[in-house]
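Peer 1: This is the structure I have questions about; it appears just below.
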Amino acid sequence: TRGTSWNYISPFGRKRVPEYTYSGSDNSLMYIYFCSPLAELLVKFIPGWLAPNVITLLGLALSLAGYFLVHFHTPKFNEPCSSWVWFVLAFCTFAYQTLDNIDGKQARRTNTSSALGLFVDHGVDALNIVLSSQNVMALLQLGSRETAWACLAVWSATSTPFFFATWEEHFTGSLYLGPFNGPTDGVLIVCISYVITGLADDPTHLWNAGFGLGMSRAEAMISFYGMCVLFTVFGNIYSVHKELRLRNSQRFRQPWNSILATCHAMSLVVPFCLHLSIGYCIIGPHSTDLRTSFWFLGFSFLMLVSHLQLSNVCAEIYKPWRWILFVVVCLLIDSFCQFKPKLLIGTCLLGFTWLHFVIGVANEMADILQIPIFKVPQSKEKDHASINELN
């Protein structure tokens, strides 16, 4: 294996990786009539030798640039930013979304679609959840102790639909995004919110002004996303139950088997729910370092969802109970993470473990498929050039 002696992919998984074929659909009207046509137009200007994974990482670089820009101006989520910061962040966020759409089209254009590309793409998408959620917290200026609950609500509203969509894919074999979804419509709404904030004379008043029903505009926005997430998650659960019921009717014909199968499927989301519960312990009225707290939650989320994505690719049973999560929780449980060095140590431990995992898996997949990670194979490049000559 390249670059690591620690194998994350089992012998069974190594046989399934070359057989993996991605299945998914985005049914958002904004994707169908705007985002996808835009990506189709722009991909024509991208040279055939540029690997899809490079495009994916370019999008991540823009997302990181926007994150660090906001972090520099409002490290604690409570300071107002200059108008130009929000305009730059809106550009970075929209560019990230566009490049995220382009990389898949470039993969099909160069005939380089693979399990490796999917793992890199979805891993970057998961990392962007961590970045964008903190940007929204800064946008709404949720850094005070009284609004710590709102920060956790933002994190829950961004991470939950991503995890449950990946969980649904684990059982149905297809990643289905509904007519209104976070990766398309949610990101566009956030981009518009950045622009509106940049245009506002007083961003603080913009989001703290009353909306109605005793809520501020910030609280109304969070509540709207929360309702959308609830409907989305119920849809994910129903799709999984329907799939398991269909399998049961074809094999056993006993109704209780499908119920037991659904209960087992639901048990796989328990660690994710626990990670949100830990958030309530470490993020409260006495929390002093919100960004470190959310990176702790973020790396916990990345560990869970990255292992789930690998299980999907390898067609293996998802095993969410990992030793690293247990060790970190034990490290922090005695003080509910109010002792800052322990929180920082736990965050760094999770971050290192996640990076080791994703780099190791990417190298293993490249070794299994015998393809480079950041280059288009010469044979594929020649095929693409021949097609262009014919056109």
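Residues -4 to 386 in this note's numbering are what the sequence shown spells out, letter by letter. Glycine included, C-beta positions come from ideal geometry on N, C-alpha and C.
#1: Using the beta-carbon count (16 or more within 10 Å), is S262 buried or exposed?
#2: Can you tell me whether Y17 is helix, strand or coil according to DSSP?
#3: For S330, which three-state DSSP category applies?
#4: Report the rounded CA-to-CA distance for L55 versus S244, giving the unit in angstroms.
#5: Identify every run of the beta strand (DSSP E) within the stretch 1 to 78, keeping only runs that are complete inside it and at least 3 residues long; order them along the chain.
#6: Just the C-alpha distance for L432 and V371, rounded to the nearest angstrom, thanks.
#7: So what's L388 in DSSP terms, helix, strand or just coil?
#8: What does the Cβ neighbour count give for T88, buried or exposed, with the cut at 16 atoms within 10 Å?
#9: Leaving aside the five residues before and after R212 along the sequence, list all residues of the same chain whose C-beta is less than 6 Å from its C-beta, in chain order.
#10: Could you work out which residue in S139, H117, G193 is closest to F158 when comparing CA atoms only?
#11: What span of residues does the beta strand (DSSP E) with G138 cover, start to end?
#12: Which parts of the stretch 196 to 267 are runs of the beta strand (DSSP E), unbroken and 3 residues or longer, counting only runs that do not cross its ends?
#13: Closest by CA to M216, which one among V353, A160, V131?
#14: For a quick check, are the C-beta atoms of N48 and G112 less than 8 Å apart?
#15: Excluding the 5 residues preceding and the 5 following L297 in the sequence, name in chain order all residues of the same chain whose CB lies nearer than 6 Å to its CB.
#16: May I ask you to verify whether the stretch 78 to 88 touches the stretch 17 to 34, counting CB pairs closer than 8 Å and requiring at least 3?
#17: From P198 to Q373, what does the alpha carbon distance come to, in whole angstroms?
#18: In the DSSP assignment, find the alpha helix (DSSP H) that holds A371 and state where it starts and stops.
#19: Kindly indicate which residue of G346, Q365, C223, T179 has the alpha-carbon position closest to the one of L299.
#20: Measuring alpha carbon to alpha carbon, tell me which residue in D284, I27, S295, F289 is nearest L387.
#21: Our contact map puts L135 next to I278 with C-beta atoms below 8 Å; I'd like the distance itself, whole angstroms only.
#22: If you draw a straight line from the C-alpha of R11 to the C-alpha of F29, how long is it?
#23: Where does Y91 sit, in a helix, a strand or coil, going by DSSP?
#24: From what residue to what residue does the alpha helix (DSSP H) around R286 run?
#25: Taking only the alpha-carbon atoms, compute the straight-line gap between C332 and F291 and give it to the nearest angstrom.
#26: According to DSSP, is S151 part of a helix, a strand, or is it coil?
#27: Give the single residue among L338, L36, L239, Y275 whose Cα lies nearest to the Cα of C258.
#28: With burial defined as no fewer than 16 other Cβ atoms inside 10 Å of the residue's Cβ, what is the status of S288: buried or exposed?
#29: Hey, how far is the Cα of Y222 from the Cα of F229?
#30: Under a Cβ-count criterion, where at least 16 other Cβ atoms within 10 Å of its own Cβ denotes burial, should E214 be classed as buried or exposed?
#31: Under the rule that 16 or more other beta-carbon atoms within 10 Å means buried, what is E359, buried or exposed?
#32: What do you reckon, are the CB atoms on I124 and S154 nearer than 8 Å?
#33: Between which residues of its own chain and G168 is the CB-CB distance below 7 Å, once the five residues before and five after are set aside?
#34: Could you pull the start and end residues of the alpha helix (DSSP H) that S188 belongs to?
#35: Are the stretch 171 to 187 and the stretch 58 to 73 touching, with three or more C-beta to C-beta distances below 8 Å?
Peer 2: Working from what's here:
#1: exposed
#2: coil
#3: Note that S330 has pLDDT 49, beneath the 50 cutoff, so the model's placement of it is unreliable and no number is given.
#4: 44 Å
#5: 19 to 21
#6: The structure shown does not extend to residue 432, since the chain spans only -4 to 386, so no value can be given for it.
#7: Given a span of -4 to 386 for the chain in the structure shown, any question on residue 388 remains unanswerable.
#8: buried
#9: W202, A204, F206
#10: H117
#11: Per DSSP, G138 belongs to no beta strand (DSSP E) and is neither H nor E.
#12: Listed in chain order, the complete beta strand (DSSP E) runs (minimum 3 residues) inside the stretch 196 to 267 are 205 to 207.
#13: V131
#14: For N48 and G112, yes; Cβs fall inside 8 Å.
#15: A121, W349
#16: no
#17: 51 Å
#18: According to the sequence as given, residue 371 is Val; it is not Ala. Run containing V371: none; DSSP gives neither H nor E here.
#19: G346
#20: The chain is shown from -4 up to 386; residue 387 falls before or after that span and cannot be answered.
#21: Not quite, the Cβ-Cβ distance comes to about 15 Å (not below 8 Å), so this is no contact.
#22: 35 Å
#23: helix
#24: For R286, the enclosing alpha helix (DSSP H) has its first and last residue at 285 to 309.
#25: For C332, the pLDDT reaches just 48, beneath the cut-off of 50, and the residue's location in the model is therefore unreliable, leaving the point undetermined.
#26: helix
#27: L239
#28: buried
#29: The sequence given here places Met at residue 222; Tyr does not occur at that position. C-alpha of M222 to C-alpha of F229: approximately 11 Å in a straight line.
#30: buried
#31: buried
#32: yes
#33: So the qualifying residues of the chain are S18.
#34: Per DSSP, S188 is one residue of the alpha helix (DSSP H) stretching across 182 to 194.
#35: In this structure the stretch 171 to 187 does not lie against the stretch 58 to 73, because fewer than three pairs of beta carbons, one per stretch, are closer than 8 Å.
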